[in-house]
DNA sequence: CGCAATTAAATTGTGTACAATGTAATTGTA
DNA sequence: TACAATTACATTGTACACAATTTAATTGCG
């Protein structure tokens, strides 16, 4: 039997998985400076943009479930960057909102994307292709 | 100040991270059939190809360190798919090799890549572009 | 040779991920 | 309007992932 399909270099998933991890590892020094992990960072990115969101909304945007988000959000709360309170109109919903401290953090985070861009040595066109293809894949996997 | 750079949709890392996770989640039903996790699966892929490898070599190929690999390999050993023994010539090296049971598993795994290909709705050309760009990125990050 | 430096794995500690399950609030319908 | 179904979040259990440290073996240099 021909087992070539089982070779790592014939898989599309593997370089995706490895790339994702390696890039996140490169974020670490920059994120350490502002005392966030990558998961905490992407959660804050939504909240900086929206001011507030439910756990459900965060999960949909970030492709994460409450099992992952609950401890992440509790951690962000303990650091003082967010507040967690139940909705008055529907107590099932937990509303997460940015504190003043969390807004200040945004100032210190704004330099990170530029620093990271320097780590990814892609041509502008390649980056655009990659971006388009990845979002196409994500779109197919809803 | 303009905070657009901090928007999730302006990041390249995020769709990479989300795509990687979503695809691996789609592997799960197929991998469940052969009682492997994704990490165990990619470790077995190297070993099916090479017959044997050290933890160091596996780590280099898979972008994983011993802190991740040691428990994964112990698990594969407990399932009977691999053997772990120290090298005779250099006892620092741990040599991981496939058992007969592990080789049999290969037969059952060989259908998985095809099943997964059906889950990724990309044109052939897009898949090739994606592949090329991802390996370029990985190459830059050595 | 002798011993400091290096190397390979294992261990420890923290933080995700996610499936499965539990709990409480809300909705829809007979 | 009861109450079954649904929904949102939390909890539990398993499995990574990685930085930092530890341990043991090997290498290289004076």
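Protein chains in written order, with the working numbering: chain R, 36 to 177; chain P, 36 to 177. Glycine included, C-beta positions come from ideal geometry on N, C-alpha and C.
Cβ-based burial, residue i [other Cβ within 10 Å; buried from 16]
i: residue 102 of chain P; result: exposed
i: residue 50 of chain P; result: buried
i: residue 106 of chain R; result: exposed
Proximity below 8 angstroms, CB of residue i to CB of residue j
i: residue 137 of chain P; j: residue 80 of chain P; result: no
i: residue 104 of chain R; j: residue 90 of chain R; result: yes
i: residue 96 of chain P; j: residue 38 of chain R; result: no
i: residue 144 of chain P; j: residue 69 of chain P; result: yes
i: residue 93 of chain R; j: residue 131 of chain R; result: yes
i: residue 164 of chain R; j: residue 46 of chain P; result: no
i: residue 108 of chain R; j: residue 121 of chain R; result: no
i: residue 171 of chain P; j: residue 65 of chain P; result: no
Closest by C-alpha distance to residue i, when choosing among the options
i: residue 48 of chain P; options: R:174, R:160, R:155 and R:144; result: R:155
i: residue 60 of chain R; options: P:66, P:52 and P:64; result: P:52
i: residue 55 of chain P; options: P:73, P:42, P:38 and P:43; result: P:73
i: residue 169 of chain R; options: P:58, P:120 and P:36; result: P:58
i: residue 134 of chain R; options: R:36, R:114 and R:149; result: R:114
i: residue 111 of chain R; options: R:75, R:150 and R:87; result: R:75
i: residue 88 of chain P; options: P:65, P:106, P:119 and P:66; result: P:119
i: residue 83 of chain R; options: P:176, P:42 and P:125; result: P:42
i: residue 40 of chain R; options: P:36, P:44, P:77 and P:40; result: P:77
i: residue 175 of chain R; options: P:85, P:157, P:139 and P:125; result: P:157
i: residue 63 of chain P; options: P:161, P:148 and P:127; result: P:148
i: residue 117 of chain R; options: R:86, R:160 and R:146; result: R:86
i: residue 36 of chain P; options: R:139, R:173, R:160 and R:161; result: R:139
i: residue 161 of chain R; options: P:167, P:127 and P:159; result: P:167
Contacts that residue i makes with chain R (C-beta to C-beta distance below 8 angstroms)
i: residue 148 of chain P; result: 40, 41, 45 and 46
i: residue 160 of chain P; result: Neighbours of residue 160 of chain P on chain R: none; closest Cβ ~10 angstroms, over 8 angstroms.
Residue i: contacting residues in chain R (beta-carbon distance under 9 angstroms)
i: residue 128 of chain P; result: Those within 9 angstroms of residue 128 of chain P in chain R number zero; the least Cβ separation is about 21 angstroms.
i: residue 173 of chain P; result: 50, 53, 54 and 57
i: residue 157 of chain P; result: 47, 168, 171, 172 and 175
Contacts of residue i in chain P (Cβ-Cβ under 8 angstroms)
i: residue 98 of chain R; result: 53, 56 and 57
i: residue 131 of chain R; result: By Cβ distance, chain P contributes nothing, its closest Cβ being about 15 angstroms from residue 131 of chain R, past 8 angstroms.
i: residue 85 of chain R; result: None at all; the shortest Cβ gap to chain P is about 10 angstroms.
i: residue 69 of chain R; result: Those within 8 angstroms of residue 69 of chain R in chain P number zero; the least Cβ separation is about 12 angstroms.
Chain-ordered neighbours of residue i on chain R, where CB pairs are closer than 7 angstroms
i: residue 169 of chain P; result: 50, 51 and 54
Cross-chain neighbours of residue i in chain P, by beta carbon under 7 angstroms
i: residue 164 of chain R; result: 164 and 168
i: residue 77 of chain R; result: 43 and 49
Under 9 angstroms from the C-beta of residue i: neighbouring residues of chain P
i: residue 194 of chain R; result: Past the edges of chain R, shown from 36 to 177, lies residue 194 of chain R, and the structure says nothing about it.
request  = With 8 angstroms as the limit, tell me which residues of the segment 46-60 of chain P have their beta carbon closer than that to any beta carbon of chain R; keep them in chain order.
outcome  = Of all residues in the segment 46-60 of chain P, 46, 47, 48, 49, 50, 51, 52, 53, 54, 55, 56, 57, 58 and 59 have a Cβ within less than 8 angstroms of some Cβ in chain R.
key: the segment 132-145 of chain P: positions lying closer than 8 angstroms to chain R by Cβ   = Those would be 141, 142, 144 and 145, in chain order.
message = To be precise: take each residue of the segment 107-129 of chain P, compare its Cβ to all Cβ atoms of chain R, and keep it if any distance is under 8 angstroms. Which residues remain?
response = So nothing in the stretch comes that close.
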